[in-house]
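Sequential numbering of the sequence shown, starting at -7, is according to this note's numbering.
Ideal placement from N, C-alpha and C gives every residue a C-beta, glycine not left out.
Below: one structure, written as C-alpha cells.
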Amino acid sequence: MQKNKEKDKNAFFKIPNPPNPTHGGQPTNSQTCTEFFPKFIVLHATDNRKLSNASPFLISKAVQGSAGSVKSIKKLPSGDLLIETATQAQSINLLQCTNLSNVSITATLTNTQFHPKKYLLPRSDTFTRQKLKKSLAKGREAVKRITSKKRR
-7 MQKNKEKDKN
3 AFFKIPNPPN
13 PTHGGQPTNS
23 QTCTEFFPKF
33 IVLHATDNRK
43 LSNASPFLIS
53 KAVQGSAGSV
63 KSIKKLPSGD
73 LLIETATQAQ
83 SINLLQCTNL
93 SNVSITATLT
103 NTQFHPKKYL
113 LPRSDTFTRQ
123 KLKKSLAKGR
133 EAVKRITSKK
143 RR
C-alpha cells in the first residue's frame, strides 16, 4: 500500500519518453503544440527600487532560479525588465513569481506589440491582395509592411 502512495507522489516527476529514433528527434504532428503562450513578460518592482539598477549577475541567477534558462532579459528605460521565455512552463513560473532576489515584483504581460496574431510583412512586390486576405482570414488582426531606409 505504501508503494502505491510513493508512486502517486512521484507521478508528477516522471521523465518523458525519449523521442522516437525513426523521426530523428522531431515531434510528429500529434505532438506539436498549436496553442500560443506569452513569450514576453515584464517584471516591475512594487517598491521604489528599480530592477534595472540591480546587478545583472544577480538578476540572471534569480530569473534562472525561478524559471530556468530564458531566451533573453532586457532592461527597459522605465526600470522594468523585459523577459523573453522559451517555453510555456517558464511563462507560467514567471507570471506566478512575486519575489525576485529579495525585491517584491509584479509580473505582467506586454502590450499587443508582441501579440502572435499581429503579422509584419517584408516589403516585396510579389505580395498580392489575395495573400493579404488569406493572412487576415487565418485570424490575424493586422497586416503592416516593413520599410527600411539604407544609408549610403
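Through-space distance from residue j to residue i, alpha-carbon basis
| i | j | result |
| --- | --- | --- |
| residue 38 | residue 70 | 13 Å |
| residue 88 | residue 45 | 23 Å |
| residue 31 | residue 40 | 27 Å |
| residue 102 | residue 80 | 15 Å |
| residue 97 | residue 62 | 18 Å |
| residue 57 | residue 142 | 43 Å |
| residue 72 | residue 33 | 10 Å |
| residue 94 | residue 76 | 22 Å |
| residue 29 | residue 78 | 10 Å |
| residue 43 | residue 64 | 15 Å |
| residue 66 | residue 48 | 10 Å |
| residue 99 | residue 82 | 12 Å |
| residue 68 | residue 50 | 17 Å |
Closest by C-alpha distance to residue i, when choosing among the options
| i | options | result |
| --- | --- | --- |
| residue 59 | 84, 31, 94, 32 | 84 |
| residue 54 | 91, 99, 100 | 91 |
(message) Please give me, in chain order, every unbroken run of the beta strand (DSSP E) with length at least 3 that falls completely inside the segment 64 to 96.
(response) 64 to 67, 73 to 76
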